[in-house]
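In full-length UniProt numbering, the protein residues as written are 1 to 141.
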């Protein structure tokens, strides 16, 4: 991340953290994850203060993506056929950075905007739509 004032960052789809990065240890990772569970899925910026740190979030408004549902057995002309269901799911993408409180809000929010641009450019709706937890750490973290 380049600055000691920014100590932890992640990108999440819904409540699934896709990529995260830190060079530090502390309970800020679990606090940031707990806050993620409670974020509204609206297009907004949020900052929470805790233990001398700010937990800054940029939530990208929900977007629809195709998901595959559980296969079901159906009958077609009296023959059993397995149908792979598909559905659209409404999800949001959240970007988080934990910063030292004294750095203020402007630098963390600018960092989140840049992270969002880079992540969207690299992954768009493709790989990020199906990635499992922490699977993008090496590529993006």
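Think of the CB as a built atom: it goes at the ideal place given N, C-alpha and C, for glycine as much as any other residue.
Taking a contact as a CB-CB distance under 8 Å, the pair residue 100 and residue 53 counts as one, their CB atoms being some 6 Å apart. Setting aside the 5 residues that flank it on each side, residue 93 is surrounded in the same chain by 13, 60, each with a C-beta closer than 6 Å to its C-beta; the list follows chain order. Here residue 115 is buried. Its C-beta has 16 or more other C-beta atoms within 10 Å.
The beta carbons of residue 134 and residue 17 sit closer together than 8 Å.
Residue 56 sits close to residue 108, with the two beta carbons spaced by under 8 Å. Here DSSP, grouped into helix, strand and coil, assigns residue 19 to strand. In the DSSP annotation of this structure, the continuous segment of the beta strand (DSSP E) that includes residue 12 starts and ends at 6-13. The beta carbon of residue 119 lies closer than 6 Å to those of 11 in the same chain, with the five residues before and after it left out. With 16 or more neighbouring CB atoms inside 10 Å of its own CB, residue 128 falls in the buried class.
Shortest Cα-Cα distance from residue 44 to any of 102, 58, 24 involves 58. Secondary structure of residue 46 (DSSP, three-state): strand.
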